[in-house]
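Residue numbers (the UniProt record's numbering), protein chains in the order written: chain A, 1 to 430; chain B, 1 to 430.
Each residue gets a CB set at the ideal place from its N, CA and C atoms; glycine is no exception.
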């Protein structure tokens with residue numbers, strides 16, 4: 001039997017303990033599949049005394065993950081601590097510098113430092129693998145980087161933050177407003193310590209930027225992801241969209257256009273009966289579109305101990321098998337800096353606005369849309385009982401450029417018939 | 001730049017021409033991703049004069065695929081001829097014997113000779129890859145063998161014959177009987193030369209047997225797949241199942257039980273609103289369930305030039321990158337001969353029977369079910385206008401063992417109230 005592959009595991013939270021359990025439970029299965037045993041030699045976490053749901057007594061303990069990363073008895077540095085700065089970054093850099101391969105679940109780190117880390121690893125002949133960083137247990141990095149490697153990718157889309165999808169589907173199913181469900185999610189432990197990472201779309205944006213880099217051969221460019229969180233999605237919009245046959249999802253879309261790379265992570269309407277529209281709770285879905293393959297849809301658990309540890313260990317077994325390739329599927333030095341393109345791909349839009357009940361109010365709004373070159377597909381007026389002085393107007397436009405929508409929305413207030421603020425949500429073809 | 005990887009392409013039908021197109025169109029992209037150029041040096045097909053939709057002038061031509069397989073200027077033998085015997089088998093064996101890696105789309109060949117081919121390849125240090133053999137463009141072999149390699153797999157399921165799914169969804173959507181839609185499918189060119197390969201479930205059974213071998217570490221055992229085609233699925237059952245919230249699919253299920261390996265490819269009812277239930281036309285779907293990852297669902301085109309060639313070229317790029325592993329994800333000599341288990345996993349069943357309109361007819365049927373230990377979840381009686389002497393009875397049972405269902409169905413004719421034959425279709429939890 002060949003020599004074992006030795007893991008140094010940094011981080012003993014949910015995912016780290018999941019990794020320990022798999023390594024212990026499936027030692028024989030993994031050895032058979034990997035062609036050699038996979039063992040943990042050392043672990044790292046701040047508090048050694050904390051009660052954890054696994055027997056760690058056989059492993060050396062390092063309080064400092066940088067020390068772990070440099071150990072001679074570690075072949076692969078497994079980073080499941082999280083955080084884009086500080087210890088995770090220092091330790092990952094140290095691991096590469098001392099000639100270790102890296103398996104990481106850290107999307108934030110790669111979204112910010114993926115290029116420099118990949119260049120450093122490739123200069124050292126080391127690999128960085130990050131299946132667990134995107135869409136939990138779904139082997140989407142593998143599908144995109146390897147399975148679809150013969151395709152010119154056209155578009156990559158996904159619902160990749162389970163917490164946001166939990167909140168949106170819970171709002172819809174229970175008819176509860178955002179604030180109430182947000183608080184529920186916090187109490188269930190579904191939110192990051194900084195909830196804005198989830199509900200602000202940042203975590204999902206990190207993931208999208210990694211998929212885009214692989215798909216289009218571009219440097220990771222998280223700063224150019226158009227980000228809009230779910231904090232402004234109202235229960236009214238969820239209900240009204242539903243009535244019109246749509247569900248609201250925090251949807252990421254990356255596509256290469258003639259003007260450059262579009263990346264957006266924003267609330268979108270998608271058809272209620274589409275696979276994305278039907279996605280409930282914490283489940284993730286990624287859609288990969290290539291010129292030869294057409295459309296591939298992958299669905300699975302986006303987080304949690306088992307699924308995330310499964311993804312980490314899939315990467316570890318690839319390394320044990322000797323699979324080696326550049327971090328983003330082609331040499332990092334050859335990745336180009338994509339021209340960021342502000343979203344210009346036309347789409348239908350859902351508009352909701354409250355109009356004062358004045359003669360000609362609707363005509364004024366329609367004129368603003370028409371002046372911006374936007375034509376109307378559907379319109380509904382909803383008069384609430386007891387609210388005679390205003391009415392809610394719902395509009396679904398034909399395909400319109402985002403800039404034209406913004407232009408029209410900018411012009412409507414001057415009509416004097418708008419109460420409050422108009423809401424516009426893109427309807428994505430999926 | 002490292003030396004090119006040289007392909008010998010056997011078969012210039014739809015898939016072969018698709019491979020040629022990708023190699024020619026994406027030479028730069030593939031070289032960037034694979035780390036080396038990928039070129040075709042020689043091709044093989046019987047008729048050189050046939051008009052084909054690609055420029056083949058740069059390639060050596062072999063009429064005999066065995067000669068192609070032995071050429072010194074070929075590194076990888078790409079077999080897209082099809083057929084489990086004759087030329088495909090001879091040429092694949094010759095390729096391995098002369099030290100080539102093999103990429104094949106040939107499920108029939110592997111379902112029958114996978115074990116001996118894998119052993120021969122591994123003895124020679126060669127790889128056989130077959131992503132294109134299962135579920136067309138969906139990278140499911142990769143997901144199962146690599147991405148989920150750290151999982152003890154629990155169950156693998158799938159709709160993996162696009163022609164059958166086309167026929168079933170077309171029957172449902174257009175309300176047409178099987179024979180009419182079968183003839184349509186034939187005229188559209190959707191059927192194999194021997195249609196029984198499709199509608200008899202054989203092709204899909206081949207695919208299931210390959211997934212089961214990887215999932216459970218067992219030798220490919222196609223002969224033990226319980227096969228039932230779609231030829232007996234009636235438009236009546238499709239309509240009545242639909243009324244009760246189910247769609248009928250040709251569904252493969254492989255699972256390891258305490259009694260041994262269950263493999264079946266049979267028409268099943270699945271909930272109409274489940275991802276499998278909603279699958280339309282030629283699209284394939286595979287469901288992979290592992291102990292850590294939970295459930296992963298993969299959906300995509302199951303056939304066609306682009307998707308199948310995409311899968312072939314994904315395998316080629318893996319080989320170019322130096323990814324090497326045993327054919328079924330662990331050494332072929334270590335695969336165990338699974339004990340085949342006749343399906344015994346209990347499930348609810350849909351039963352349809354026509355009963356003579358005699359007093360106590362229904363009670364007699366219910367007694368047969370009760371005597372077999374089967375309890376009834378739902379029952380409906382449908383009296384057709386103008387047909388007063390008999391009625392159609394639909395029953396959905398609670399979970400029952402297949403043997404108990406067979407026992408009850410065997411007892412019902414003796415009651416003297418059954419007209420024709422009772423239909424029983426398993427309802428699979430998905």
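Just confirm the distance between the C-beta atoms of residue i and residue j, as a whole number of angstroms; I'd bet it's less than 8 Å.
| i | j | result |
| --- | --- | --- |
| residue 197/A | residue 254/A | The Cβ separation is near 19 Å, so there is no contact. |
| residue 48/B | residue 69/B | With a Cβ gap of about 18 Å, residue 48/B and residue 69/B do not count as contacting. |
| residue 316/A | residue 39/A | Actually they are not in contact, since the Cβ atoms of residue 316/A and residue 39/A sit about 11 Å apart, beyond 8 Å. |
| residue 91/A | residue 79/A | 7 Å |
| residue 119/A | residue 332/A | 5 Å |
| residue 281/A | residue 178/A | With 8 Å as the limit, residue 281/A and residue 178/A do not qualify as a contact, their Cβ atoms being about 16 Å apart. |
| residue 182/B | residue 199/B | 7 Å |
| residue 32/A | residue 334/B | 6 Å |
| residue 356/A | residue 297/A | About 44 Å separates the two Cβ atoms, so there is no contact after all. |
Return the CA-CA distance between residue i and residue j, expressed in angstroms with no decimal places.
| i | j | result |
| --- | --- | --- |
| residue 43/A | residue 85/A | 20 Å |
| residue 146/A | residue 300/A | 19 Å |
| residue 156/A | residue 211/A | 7 Å |
| residue 162/B | residue 233/A | 39 Å |
| residue 26/B | residue 354/A | 52 Å |
| residue 350/A | residue 404/A | 14 Å |
| residue 143/A | residue 369/B | 47 Å |
| residue 139/B | residue 384/A | 51 Å |
| residue 160/A | residue 252/A | 8 Å |
| residue 307/A | residue 328/A | 22 Å |
| residue 75/A | residue 7/A | 6 Å |
| residue 400/A | residue 374/A | 6 Å |
| residue 261/B | residue 150/A | 35 Å |
| residue 338/B | residue 219/B | 7 Å |
| residue 35/A | residue 324/A | 15 Å |
| residue 206/A | residue 21/B | 34 Å |
| residue 372/A | residue 422/A | 16 Å |
| residue 63/B | residue 15/B | 18 Å |
For residue i, which option in the options has the closest C-alpha, if you only look at C-alpha atoms?
| i | options | result |
| --- | --- | --- |
| residue 153/B | 420/A, 30/A, 375/A and 353/A | 30/A |
| residue 225/A | 204/A, 378/A and 214/A | 204/A |
| residue 170/B | 249/B, 245/B and 321/B | 249/B |
| residue 419/B | 148/B, 214/B, 401/B and 352/B | 352/B |
| residue 429/B | 320/B, 274/B and 408/B | 274/B |
| residue 192/A | 6/A, 413/A and 164/A | 164/A |
| residue 435/B | 2/B, 134/B and 9/B | Missing from the structure shown is residue 435/B; chain B here goes from 1 to 430 and no further. |
| residue 346/B | 54/B, 366/B, 426/B and 173/B | 426/B |
| residue 257/A | 231/A, 340/A and 251/A | 340/A |
| residue 247/A | 263/A, 173/A and 148/A | 173/A |
| residue 240/B | 375/B, 175/B, 319/B and 230/B | 175/B |
| residue 397/B | 387/B, 379/B, 414/B and 386/B | 379/B |
| residue 344/A | 406/A, 11/A and 371/A | 406/A |
| residue 114/B | 314/B, 298/B and 213/B | 213/B |
| residue 238/A | 45/A, 424/A and 312/A | 424/A |
| residue 51/B | 17/B, 22/B and 82/B | 17/B |
| residue 229/B | 235/B, 195/B and 215/B | 195/B |
| residue 98/B | 65/B, 342/B, 408/B and 71/B | 71/B |
Is there at least one Cβ from chain B nearer than 8 Å to residue i's Cβ?
| i | result |
| --- | --- |
| residue 182/A | no |
| residue 142/A | yes |
| residue 75/A | no |
| residue 139/A | yes |
| residue 242/A | no |
| residue 293/A | yes |
| residue 310/A | yes |
| residue 317/A | yes |
Is there a C-beta anywhere in chain A that falls below 8 Å from the one on residue i?
| i | result |
| --- | --- |
| residue 131/B | yes |
| residue 323/B | yes |
| residue 313/B | yes |
| residue 299/B | yes |
| residue 26/B | yes |
| residue 146/B | yes |
- [ ] Tell me, please, whether the segment 351-369 of chain A touches the segment 393-408 of chain A by the rule of three or more beta-carbon pairs shorter than 8 Å.
- [x] yes
- [ ] Report yes or no: do three or more beta-carbon pairs, one from the segment 175-193 of chain A and one from the segment 283-295 of chain A, lie closer than 8 Å?
- [x] no
Task: At least 3 beta-carbon pairs within less than 8 Å: the segment 109-124 of chain A vs the segment 254-272 of chain A - done: The segment 109-124 of chain A is not in contact with the segment 254-272 of chain A.
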